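Just below is one structure, and these are the notes that go with it.
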Amino acid sequence: MPWPESRKAQTKTRILCSAIKLFAEKGFNNVSLGEIMKDAKLTHGAFYAHFDSKQSLYKEAVVVAKDSSPLGVAAKQPEVRLELSDILGFYLSEGHVEQRISPCPLAAFATDVSHQESEIKQSYTQVFQGLLSVLESKIEGDDGQKQSAAKAIAAMMIGGVVVSRALDDKALVKDLLEACVTHAASISE
Numbered sequence: 615m616p617w618p619e620s621r622k623a624q625t626k627t628r629i630l631c632s633a634i635k636l637f638a639e640k641g642f643n644n645v646s647l648g649e650i651m652k653d654a655k656l657t658h659g660a661f662y663a664h665f666d667s668k669q670s671l672y673k674e675a676v677v678v679a680k681d682s683s684p685l686g687v688a689a690k691q692p693e694v695r696l697e698l699s700d701i702l703g704f705y706l707s708e709g710h711v712e713q714r715i716s717p718c719p720l721a722a723f724a725t726d727v728s729h730q731e732s733e734i735k736q737s738y739t740q741v742f743q744g745l746l747s748v749l750e751s752k753i754e755g756d757d758g759q760k761q762s763a764a765k766a767i768a769a770m771m772i773g774g775v776v777v778s779r780a781l782d783d784k785a786l787v788k789d790l791l792e793a794c795v796t797h798a799a800s801i802s803e
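Per this note's numbering, the sequence shown runs over residues 615 to 803.
Printed below as a string of structure tokens:
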């Protein structure tokens, strides 16, 4: 007798949550399907009922990570009105750098995706374009100015988090994040 659809969806979600966590911690090439399934507390064979390959899992994980990140959740709630300063303050925070919260795939997978196939890069690009749309909606000016400013701010946000994660000097990390917030905010003015 087949499993009910709700159970299949729950199992797929468990696999995706484990994959997002492990891909963010170790990178695509340093995580095996066995590790992902063990973390999800499922058998290796259960994987193929939900995904064709590790690449298809990664592609979907990029999109799901965006939707499950705190900014992704907030963006789906019309009653939550985030200003650019809120987005910058949250994204460029020590909590985000230390991954105490759900990781944003744009920062968590940035260097990893650059070594992946086109389909995965397309998913990443789609998520990046979504961030640009959110940022453009928070910026004043004509369309060209908004688009240019959004791209610069997004690069500063993602780059600030990626570089901060590579540093071992807490004071420097704090200074870097504050500088990114200050200068990203000034770009939007």
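Built from N, CA and C at the ideal position, the CB exists for glycine as well. Because the structure is a prediction, the values reported are computed rather than measured.
Alpha-carbon spacing of residue i relative to residue j, whole angstroms
| i | j | result |
| --- | --- | --- |
| A764 | E712 | 25 Å |
| L790 | R621 | 44 Å |
| I801 | G758 | 13 Å |
| Y705 | E750 | 16 Å |
| V787 | S778 | 5 Å |
| S646 | L746 | 32 Å |
| L636 | I629 | 11 Å |
| F665 | Q761 | 36 Å |
| A793 | M770 | 10 Å |
| A803 | D782 | The question names Ala, yet the displayed sequence has Glu at residue 803. Cα-Cα distance, rounded: 33 Å. |
| G709 | V741 | 21 Å |
| A768 | V748 | 10 Å |
| K652 | K668 | 15 Å |
| D756 | A766 | 16 Å |
| T739 | V677 | 10 Å |
| H797 | A623 | 42 Å |
Supposed close pair residue i, residue j - CB separation, criterion 8 Å
| i | j | result |
| --- | --- | --- |
| A663 | I634 | Contact doesn't hold; Cβ gap of about 19 Å is too wide. |
| L656 | T625 | 7 Å |
| L702 | A799 | 6 Å |
| G744 | K680 | 7 Å |
| A654 | S632 | 4 Å |
| L685 | K752 | Actually they are not in contact, since the Cβ atoms of L685 and K752 sit about 12 Å apart, beyond 8 Å. |
For residue i, the three-state DSSP class (helix, strand or coil)
| i | result |
| --- | --- |
| K735 | helix |
| R779 | helix |
| R695 | coil |
| G755 | coil |
| D700 | helix |
| G641 | coil |
| C631 | helix |
| L647 | helix |
| S802 | coil |
| H710 | helix |
| L656 | coil |
| Q666 | The sequence shown places Asp at residue 666, rather than the Gln named in the question. The answer is coil: DSSP assigns D666 none of H, G, I, E or B. |
| C794 | helix |
| S747 | helix |
Cut-off 6 Å between Cβ atoms - residues of its own chain near residue i, not counting five sequence neighbours on either side
| i | result |
| --- | --- |
| K673 | E733, I734, S737 |
| S716 | S682, S683 |
| C718 | S683 |
| G648 | H658 |
| V795 | L702, L706 |
| L671 | A633, F665 |
Sequence-distant residues of the same chain with beta carbon closer than 7 Å to residue i, five excluded per side
| i | result |
| --- | --- |
| G641 | D726 |
| I772 | L720, A721, A724 |
| I650 | I629, S632, A633, L636 |
Below-9 Å beta-carbon distance, residue i vs any chain C residue
| i | result |
| --- | --- |
| S751 | The displayed structure is made up of one protein chain only, and chain C is not part of it. |
Neighbourhood of residue i by C-beta, 8 Å cutoff - its chain only, sequence neighbours within 5 removed
| i | result |
| --- | --- |
| H729 | F642, N643 |
| E619 | none |
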